[in-house]
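In what follows, a structure is listed as C-alpha cells, so that the remarks can point back to it.
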Amino acid sequence: MKSLPLYLCTWVCLSALGLSVATAAPLTPLQDLGRQLFLDPQLSSPAGESCSSCHSPTAAFTDPRRDTPTSPGAIAGRFGNRNSPTAMYAALSPLFQLDSDGVTYEGGLFWDGRAANLEQQAQGPLLNPLEMANPDKATVVNKVRAASYAPLFKSVFGPTALNQTEPAYAMIASAIAAFERSPTFSPFSSKYDAYLAGQVQLTAAEEHGRTLFNDPTKGNCAACHPSTPSADGTPPLFTDFTYDNLGVPRNPNNPFYNLPAAFNPAGLNFLDLGLGPIVGNTGDNGKFKVPTLRNIALTNPYMHNGYFQTLLGVVDFYNTRDVKPACPDPMTTENLALAQGCWPQPETPANVNHKELGNLQLSGSDENDIVAFLGTLTDGYWQTPALSECLFNWAEGAYPGLFQPAGSVTQSQAPYTYRYYKAANAYLGVSSDDNHVYYLGSNGVMQDVGALPTWLKKAGCI
Ligand code: HEC
Ligand code: HEC
89 MKSLPLYLCT
99 WVCLSALGLS
109 VATAAPLTPL
119 QDLGRQLFLD
129 PQLSSPAGES
139 CSSCHSPTAA
149 FTDPRRDTPT
159 SPGAIAGRFG
169 NRNSPTAMYA
179 ALSPLFQLDS
189 DGVTYEGGLF
199 WDGRAANLEQ
209 QAQGPLLNPL
219 EMANPDKATV
229 VNKVRAASYA
239 PLFKSVFGPT
249 ALNQTEPAYA
259 MIASAIAAFE
269 RSPTFSPFSS
279 KYDAYLAGQV
289 QLTAAEEHGR
299 TLFNDPTKGN
309 CAACHPSTPS
319 ADGTPPLFTD
329 FTYDNLGVPR
339 NPNNPFYNLP
349 AAFNPAGLNF
359 LDLGLGPIVG
369 NTGDNGKFKV
379 PTLRNIALTN
389 PYMHNGYFQT
399 LLGVVDFYNT
409 RDVKPACPDP
419 MTTENLALAQ
429 GCWPQPETPA
439 NVNHKELGNL
449 QLSGSDENDI
459 VAFLGTLTDG
469 YWQTPALSEC
479 LFNWAEGAYP
489 GLFQPAGSVT
499 QSQAPYTYRY
509 YKAANAYLGV
519 SSDDNHVYYL
529 GSNGVMQDVG
539 ALPTWLKKAG
549 CI
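Heads up, the numbering used here is the position in the sequence shown plus 88, with the first residue counted as 1.
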C-alpha cells in the first residue's frame, strides 16, 4: 500500500465504536492549519477579507459576491482587475514552463501564469493593496501570532516558528498550499465522473452536448479543455494548461477602470495583455490560461475579466464570434451584444485564435446541449456505495490475513458518507465526498492511502 502522511484517528475510531460524530473531511494538522488561515478574515488590513471572501467553499471556491465582475478588496472602493478564478483543482496545475516546441507556454497559476506554484501564489494576495492589503509580511505574521490557531501553528512547524518574519511568512503560505492540495479542492465527484465510472447515464441533451464538446468538427472544446482521463489515470481536468487569446471583449462593467491613477494609470484605456508581458513576448499578448471547467455552472462570471454572465453567452461567443458583425460600441456588455446580435471587438485584436473557434456552425439547441453537458461537471453528485463495495471485496481477497469478512459499518453524516469494511485487525474507509481511501490499522493510526479512482482501478472495479 502506498503510504502517505499519517494523522491521528479521531472520528473514525469513535464511529467504529458505534458513536455518532459530527465530521468534516479529514485533514492533516498541516492542512487544518491551512484551512484556518484560508478562512481567517483577520488576515487583511483592515480586517474583514480572507482568501475565502474571493474563493468561498459555497461558490466552488470563487467569489460568491456577484454584483461586480472583479472582487472588492479589504479597503473600500478598491477592486482587482481580474475575475477571481476557482481555486479548485489548482493543485493539479503543472509548473509554469515553455514546451519543447519553444513557443507554447503551459502550467503555472493566475490567469497569466506568473506564480509557479501554490506556495508562491499564496504569498501574493496578503500583500496586494487591491486585495488583503497588508502593508508588509511582519503585519501578517503578527496577526497569526495573535490568532486562536497560533498553538496549532507551533505544533505543526515547531515552537519557534513564529519568531522570525521571513520564515514564518513562508510557512503560512505552505500551510495554505497544503490545504489547497487536500481532497476538499479536488473531489472528482461530479455526475460526469460517475458517468466515466459507468455508474450513471447522461440525459439525451447532456450526451449530445458531450459529443459536440468533443467533436473537432463541432464544438471542438476538448482541444483545449480535455475531457478524458490522462495516461496515468488522472480524471480529466478540462484544461490543457496552455494559454490562448479568444478575443474576449473589454468588460465595461469592470470596476478597475475607475480606480485612481496610482493603481490604474491608463484609466479607461486599461488593456489586460495577459501572458505577453510576463514572458516578454508581444506574440503572447492577449493570451490567458485555459481554466478548468469543473464546477463551471457555479462560478459565473466567466473569462479573465468576467465579461460573460452566462454559459449560453460563452458558448454563443465561441460559435458566432467571427460570424456576427462588430458592435458599433467596443464597450458593449454581453447582455446588449446578445440582444443586438453583434460582438464587440477583442480586447487584444492581435494573436486572436481564429483556427479553433469563432465560427462553429452550431444550432441554438446545440448551444443549449453544450451548456447542459457543462452542468454535469458540478462536484458533489457522486455517491459510491457500489464501487466501495467492490473495493472492499477486493481488499478482502488481496489481504486475506488482514481483512476478514466480519460485516460492515455504515456511518452517515451529511454531507459525507463513510463506509468501513470491518475486519479483525483493520478498517478500510471510503469517503464519497473527498474521494480518498483511508486505512485504519490496529495501532489506531489512520492513514490516507491514496485517491479512490487509483484504488478502484487497481481493484479492477473500474
Ligand atoms: C480580493 C479577492 C481575492 C482574495 C482576497 C484572494 N484571491 Fe486568490 N485570486 C483572486 C484573483 C482575482 C485571482 C486571479 C488573479 C490574476 O490572474 O491575476 C486569484 C487567483 C488565485 C489562485 C490561482 C488559481 C489558478 O488556477 O490560477 C489561487 C490558487 C488563489 N487565488 C488562492 C488564494 C489564496 C490562498 C488567497 C489567500 C491568501 C487568495 N487567493 C486571496 C482574487 C482573490
Ligand atoms: C483554443 C483553446 C480553447 C478552445 C477550443 C475552447 N476554449 Fe474555453 N477557454 C479557453 C481559454 C484560453 C479561456 C480563458 C480565456 C480568457 O479568459 O480570456 C477559456 C475559458 C472558457 C470558459 C470560462 C471559464 C471561466 O472559469 O471563466 C468556458 C465556460 C469555456 N472556456 C468553455 C468552452 C467551451 C464550451 C468550448 C467549446 C465550444 C471551449 N471552451 C473551447 C480556451 C479554449
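For every residue, glycine included, the Cβ atom is placed at its ideal position computed from N, Cα and C.
Can you tell me whether residue i is helix, strand or coil according to DSSP?
i, result
"glutamine 449", "coil"
"tyrosine 345", "helix"
"tyrosine 526", "strand"
"glutamine 535", "strand"
"alanine 494", "Per-residue confidence for alanine 494 stands at a pLDDT of 38, beneath the threshold of 50, marking its modelled position as unreliable; the derived number appears in the next sentence. Reduced to three states, the DSSP call for alanine 494 is coil."
"aspartate 332", "strand"
"threonine 146", "helix"
"glycine 485", "helix"
"phenylalanine 276", "coil"
"leucine 127", "helix"
"tyrosine 193", "strand"
"glutamine 287", "coil"
"glutamine 119", "helix"
"alanine 238", "helix"
Give me whichever residues DSSP pairs with residue i in a beta bridge.
i, result
"proline 337", "Pro434"
"alanine 414", "Trp431"
"lysine 375", "Gly362"
"phenylalanine 167", "Pro160"
"glycine 297", "Its beta-bridge partners do not exist; DSSP assigns none."
"leucine 462", "In the DSSP output, where bridge partners are listed per residue, leucine 462 has none listed."
"glutamine 208", "Its beta-bridge partners do not exist; DSSP assigns none."
"alanine 203", "Leu197"
"phenylalanine 396", "Tyr390"
"leucine 186", "Tyr193"
Is it true that the CB of residue j sits closer than 9 angstroms to the CB of residue i?
i, j, result
"asparagine 342", "asparagine 393", "yes"
"aspartate 404", "glycine 446", "no"
"cysteine 139", "proline 223", "no"
"threonine 436", "leucine 361", "yes"
"asparagine 382", "methionine 176", "Here residue 382 turns out to be arginine, not asparagine, going by the sequence shown. Yes, they are a contact pair."
"serine 274", "leucine 125", "no"
"leucine 240", "proline 365", "no"
"glycine 429", "proline 413", "yes"
"valine 228", "leucine 131", "yes"
"phenylalanine 301", "alanine 310", "yes"
"alanine 385", "threonine 272", "no"
Given residue i, which residues of its chain have a CB within under 7 angstroms of its CB, disregarding the five upstream and five downstream residues?
i, result
"glycine 321", "Pro541, Thr542, Lys545"
"proline 493", "Here proline 493 scores only 43 on pLDDT, less than 50, and its place in the model should not be relied on; the value that follows carries that caveat. Answer for proline 493: Glu484, listed in chain order."
"threonine 327", "His313, Val378, Pro379, Thr380"
"asparagine 481", "none"
"leucine 218", "Gly161, Arg166, Phe167, Gly168, Phe351"
"valine 333", "Before going further, note that residue 333 is asparagine rather than valine in the sequence given. Closer than 7 angstroms at Cβ, skipping near neighbours: Gly374, Lys375, Thr436, Asn439, Val440, Asn441."
"alanine 547", "Cys478, Leu479, Trp482"
"asparagine 423", "none"
Given a threshold of 16 other Cβ atoms within 10 Å of its Cβ, counted over all protein chains shown, does residue i qualify as buried or as exposed?
i, result
"asparagine 439", "buried"
"serine 236", "exposed"
"lysine 443", "exposed"
"cysteine 549", "buried"
"serine 120", "For clarity, residue 120 is aspartate in the given sequence; the question names serine instead. Answer is buried; the Cβ neighbour count reaches 16."
"glutamine 252", "exposed"
"glutamate 455", "buried"
"asparagine 171", "buried"
"alanine 263", "buried"
"leucine 61", "This structure leaves residue 61 out entirely; the chain is present only between 89 and 550."
"proline 134", "exposed"
"serine 453", "exposed"
"leucine 426", "buried"
"asparagine 339", "buried"
"proline 353", "exposed"
"serine 141", "buried"
"asparagine 369", "exposed"
"glutamine 211", "buried"
"serine 278", "buried"
"serine 451", "exposed"
"alanine 164", "exposed"
"leucine 359", "exposed"
Under 6 angstroms Cβ to Cβ from residue i, same chain only, skipping five residues before and after it: list those, please.
i, result
"threonine 387", "Ala148, Thr150, Thr174"
"aspartate 74", "This structure cannot settle anything about residue 74, because the visible part of the chain is limited to 89 through 550."
"aspartate 372", "Leu363, Gly364"
Could you pull out every residue in the same chain whose Cβ sits closer than 8 angstroms to the Cβ of residue i, ignoring the five residues on either side in sequence?
i, result
"glutamine 208", "Leu197, Ala261"
"glycine 195", "Ser181, Pro182, Leu183, Phe184, Gln185, Gly201, Phe329"
"asparagine 308", "Glu444, Leu445, Leu448"
"threonine 299", "Lys306"
"proline 152", "Ser144, Thr146"
I'd like to know if residue i contacts chain D, where contact means its C-beta is closer than 9 angstroms to some C-beta of that chain.
i, result
"aspartate 120", "Reference to chain D is not applicable here, since this structure consists of a single protein chain."
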